[in-house]
Amino acid sequence: MAARGGFFLSLLNYKTEKYVIAENRKIGILFRLYQLAVLGYIIGWVFVAKKGYQEKEEAIQTSVFTKLKGVALTNDSNKGLHLWGAEDYVIPPNGEQVFFVVTNYIETPNQRLGFCPESDRVPDGRCTSDDDCEEGETVIAGNGIKTGVCINSTGTCEVHAWCPVEYSPRPQEPLLSAAENFTVYIKNFIRFPNFNFFRSNVLETAEANYLKNCTYDSETHPYCPIFHLGNLVSWTGSDFQEMAVKGGSVGILIEWKCDLDKDYSLCNPQYSFTRLDININNSVTSGYNFRYAKHFKDPKGESFRTLYKVYGIRFDIMVNGQAGKFSIVPTIIALGSGIALLGAGAFACDMILLYMMNTSSFYRERKFEIINFNKDGKDSKAAHRERRSKKSSVEKEASNSITREDETGVAAAESQSSSVERRGPTIPRNTGQRYSALLSPGPDQKLHVSFSPRF
Ligand SMILES: *[C@@H]1O[C@H](CO)[C@@H](O)[C@H](O)[C@H]1NC(C)=O
1 MAARGGFFLS LLNYKTEKYV IAENRKIGIL FRLYQLAVLG YIIGWVFVAK KGYQEKEEAI
61 QTSVFTKLKG VALTNDSNKG LHLWGAEDYV IPPNGEQVFF VVTNYIETPN QRLGFCPESD
121 RVPDGRCTSD DDCEEGETVI AGNGIKTGVC INSTGTCEVH AWCPVEYSPR PQEPLLSAAE
181 NFTVYIKNFI RFPNFNFFRS NVLETAEANY LKNCTYDSET HPYCPIFHLG NLVSWTGSDF
241 QEMAVKGGSV GILIEWKCDL DKDYSLCNPQ YSFTRLDINI NNSVTSGYNF RYAKHFKDPK
301 GESFRTLYKV YGIRFDIMVN GQAGKFSIVP TIIALGSGIA LLGAGAFACD MILLYMMNTS
361 SFYRERKFEI INFNKDGKDS KAAHRERRSK KSSVEKEASN SITREDETGV AAAESQSSSV
421 ERRGPTIPRN TGQRYSALLS PGPDQKLHVS FSPRF
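For the sequence shown, the positions run 1 to 455 when UniProt numbering is used.
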């Protein structure tokens with residue numbers, strides 16, 4: 001019962017560590033260098049470069065509107081002049097985040113439902129006799145339904161379709177080459193919901209006509225939201241006129257990196273541009289086109305249509321962003337991990353000092369202090385522990401016999417007076433080297449261990 005009371009009383013004691021100072025330049029310098037490196041890392045990288053004191057948010061909410069401006073006049077020898085406005089060449093016309101600008105096209109006007117030969121560019125439409133054109137079958141990847149007749153003059157099946165079927169080849173020069181000078185106005189609104197922060201990419205300026213006159217340029221007008229299509233393509237490293245022939249795809253990346261500890265006006269977007277269809281040189285996969293038709297009715301009420309196969313450039317606007325604001329929790333975490341790193345350095349220096357140097361055994365002797373009991377047993381707690389170990393030492397005897405011989409050897413050198421000492425009850429088993437500390441507390445015992453080794 002008294003022992004248990006002693007244990008609970010000891011809970012109320014404050015335990016502090018005892019330090020051993022090793023006067024060793026090499027380890028000292030190594031440890032200071034390590035501390036400097038860790039400090040540099042925490043201050044320079046974690047706090048300054050990575051802003052580790054900030055709470056970050058990457059879940060950006062965003063909305064993009066686009067509007068194109070510009071007109072183009074095409075002059076086709078067969079169909080005459082045709083004026084293209086934004087409502088004609090932008091598909092879809094409602095100003096989305098992804099838009100397509102027509103740069104080249106094949107027009108097949110005045111198609112009516114009827115019977116006509118299939119195009120000879122469709123393999124399944126070719127024939128040598130009527131047997132090749134089974135009635136009622138659709139032409140695979142073709143324009144209509146076979147009627148069972150092979151037309152000898154074209155070598156293709158007759159089909160029930162919108163006639164005549166598309167026959168012109170793709171123009172070698174883009175018909176809407178003027179699209180290079182079109183402009184697109186990109187409005188982008190963003191919000192960081194956690195910080196309740198709103199922003200738009202349209203520069204807030206006192207100058208009323210600024211938006212009417214500017215075009216984006218990374219040097220002169222980095223915050224003007226109006227882009228010249230020719231420049232957009234050339235910034236990706238491609239040529240607009242070349243890309244306009246078969247079409248392609250361009251990515252516009254808007255990146256927001258906002259430090260909300262700083263002023264609102266410093267949160268501005270960065271634009272970058274890439275070409276997204278990468279197989280530029282592969283003639284089979286390159287390009288972008290699709291077909292659509294405009295339907296009309298003649299005075300008799302019969303419908304006819306104009307078919308367009310359009311080639312063009314598709315623009316994909318991608319928005320991403322990150323905002324950061326000071327917060328105490330990440331600051332504490334960053335500091336805590338820094339302190340833990342400092343501790344790792346002390347551990348590494350200990351390992352070098354105690355195990356990897358010529359003089360390591362000396363330091364080990366001084367660092368690991370092993371206490372044996374004096375016979376008179378002034379310390380009642382020690383005496384208590386001694387009693388317990390007497391009991392258990394009998395059981396331990398077999399397994400520990402070798403170590404015990406060691407210990408008794410050392411102990412015997414110090415003093416041969418007692419059997420209690422020979423049992424060496426409190427020697428910690430986990431220390432590297434055992435050092436029997438039956439030193440009599442005398443004037444020459446210094447706590448400050450001073451040692452100047454010669455390496
Ligand atoms: C675009 O505009 C510039 C200057 O106004 C002009 O020199 C150029 O020929 C135009 N490009 C096209 C393809 O029309």
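Every residue, glycine too, gets a C-beta built ideally from N, C-alpha and C.
A distance below 7 Å between beta-carbons, with the five flanking residues on each side excluded, links K367 to the following residues of its chain, in chain order: V20, L354. Ligand 1 has a heavy atom closer than 7 Å to the beta-carbon of S177. Unbroken beta strand (DSSP E) runs of no fewer than 3 residues, entirely contained in the region 145 to 173, are found at 145 to 151, 156 to 163, following chain order. Annotated as distal: G155 and C133, with beta-carbon spacing of 8 Å or more. According to DSSP, S119 shares a beta bridge with no other residue. With contacts defined by Cβ atoms closer than 8 Å, Q61 and L342 do not form a contacting pair. For L83 and T306, the gap between their C-alpha atoms comes out near 16 Å. For E242, the CB stays at least 7 Å from every heavy atom of ligand 1.
Taking C-beta separations shorter than 6 Å and ignoring five residues to either side along the sequence, the partners of I317 in its chain run V64, Q97, I252, following chain order. Per the Cβ contact rule, the region 215 to 231 is not in contact with the region 2 to 11 (fewer than 3 Cβ pairs under 8 Å).
Counting along the chain, no alpha helix (DSSP H) covers W45, and no H or E run does either.
Bridge pairing for P269: W256 [DSSP].
Positions of the beta strand (DSSP E) runs, each at least 3 residues long and wholly inside the region 172 to 217, are given as 183 to 192, 197 to 200 in order along the chain.
Remark: C-beta atoms of F304 and R112 approach each other more closely than 8 Å.
The continuous stretches of beta strand (DSSP E) do not include M357, and DSSP gives it neither H nor E.
Relative to ligand 1, even the nearest heavy atom lies 7 Å or more away from the CB of N104. With three or more CB-CB distances shorter than 8 Å, the region 284 to 298 counts as touching the region 308 to 325. Look at V233 here: in three-state DSSP terms it is helix.
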